[in-house]
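If you read the protein sequences in the order shown, they are chains P and Y. Under my numbering, the residues of the first sequence are numbered 4 to 117, in order. Under my numbering, the residues of the second sequence are numbered 41 to 152, in order. Ideal Cβ positions, reconstructed from N, Cα and C, are used throughout, including at glycine. Since we're looking at a predicted model, the values are computed, not measured. Have a look at the structure below, then the notes.
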Amino acid sequence: GDSVTQMEGPVTLSEEAFLTINCTYTATGYPSLFWYVQYPGEGLQLLLKATKADDKGSNKGFEATYRKETTSFHLEKGSVQVSDSAVYFCALTGTLLNDYKLSFGAGTTVTVRA
Amino acid sequence: KAGVTQTPRYLIKTRGQQVTLSCSPISGHRSVSWYQQTPGQGLQFLFEYFSETQRNKGNFPGRFSGRQFSNSRSEMNVSTLELGDSALYLCASSLTETGGAFFGQGTRLTVV
């Protein structure tokens, strides 16, 4: 079945450092890919998405490019802030029509120090 | 535009009891999905409803059930609670399968 593997954490960075979280997926066909962020005590927020190969999703300084050849969707941010401290989840939806089910990676905890 | 609303936010139940959680989706979203989040298993899909019909179901025992009403609001029920059911239960609504799901803040269920 569909699955997502993402970089294990935790990741600790200093403010203004570069952040990369690796994400690879296994799926038949062409899934849609997502990054979600979860702040302590809250639900998940959709951070960005990409629906086809070579699409680049971006939001709040974060970017990720849908790479079909490497089945990857790595998340990057050039200069992190303390407020970026959170858990980040890579996810995909299935490739069947009307398949809204999300398959998530295990999550990567990111801590940014001032 | 109001987001996804889940009630209650916190619940404490005793083993063997049952519980009902509620979710109001974003207006216009007809798909509602439920997920269980635990430290050990991560985020696991429970089920998805669309126009009052269950379209997809995860690998959970029959004690977990749900329903959707004509206004798209959804409830999930867990009967005969076990300690292992302690988790954050997240509801999400979607407009399309490629648009992404929008999550509520979750219901934190503790079974004692």
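C-beta atoms of residue i and residue j nearer than 7 Å
i, j, result
"P/L22", "P/V85", "no"
"Y/V72", "Y/S105", "no"
"Y/F87", "Y/Q94", "yes"
"Y/R70", "Y/S110", "no"
Cβ-based neighbour list, residue i, same chain, cut-off 7 Å, excluding 5 preceding and 5 following
i, result
"Y/A127", "Q76, Q77, T78, L149"
"P/Y69", "L36, A53, K55, A56, D57, D58, F76"
Residue i: first and last residue of the uninterrupted beta strand (DSSP E) it sits in
i, result
"P/M10", "Per DSSP, P/M10 belongs to no beta strand (DSSP E) and is neither H nor E."
"Y/Q108", "104 to 108"
"P/K62", "The amino acid occupying residue 62 of chain P in the given sequence is Asn; Lys does not appear at that position. Note, P/N62: beta strand (DSSP E), 59 to 62."
"P/A67", "65 to 68"
"Y/Y75", "71 to 78"
"Y/N96", "93 to 97"
"P/L47", "47 to 53"
"Y/L83", "82 to 90"
6 Å Cβ shell around residue i - same chain, five flanking residues per side excluded
i, result
"P/I24", "M10, L78, Y91, T111"
"P/T74", "T27, Y28"
Residue i versus residue j: straight-line alpha-carbon distance, rounded
i, j, result
"P/G55", "P/Y39", "Position check: residue 55 of chain P holds Lys in this sequence, whereas Gly was assumed. If I take the Cα positions, the gap works out to 18 Å."
"Y/A42", "Y/S67", "8 Å"
"P/K104", "P/K52", "15 Å"
"Y/N117", "P/G4", "27 Å"
"P/K63", "P/A89", "14 Å"
"Y/V50", "Y/R107", "Residue identity check: residue 50 of chain Y is Tyr in the sequence provided, not Val. In a straight line, the C-alpha of Y/Y50 is about 21 Å away from that of Y/R107."
"P/S106", "Y/R55", "29 Å"
"Y/T147", "Y/T45", "10 Å"
"Y/V152", "Y/Q57", "10 Å"
"Y/F85", "Y/N96", "9 Å"
"P/G108", "Y/T138", "18 Å"
Cut-off 8 Å between Cβ atoms - residues of its own chain near residue i, not counting five sequence neighbours on either side
i, result
"P/P13", "T111, T112, V113, T114"
Contact test: residue i Cβ vs the ligand FAD heavy atom, cutoff 6 Å
i, result
"P/Q9", "Only the bare structure without any ligand can be found here, which leaves the ligand FAD out of the picture."
Q.
Taking 8 Å as the cut-off, does the region 47 to 66 of chain P touch the region 128 to 146 of chain Y (at least 3 CB pairs, one atom from each stretch)?
A. Yes, the region 128 to 146 of chain Y touches the region 47 to 66 of chain P.
Q) Counting Cβ pairs closer than 8 Å, one from the region 116 to 124 of chain Y and one from the region 99 to 111 of chain P, do we hit at least three? A) No, they do not touch.
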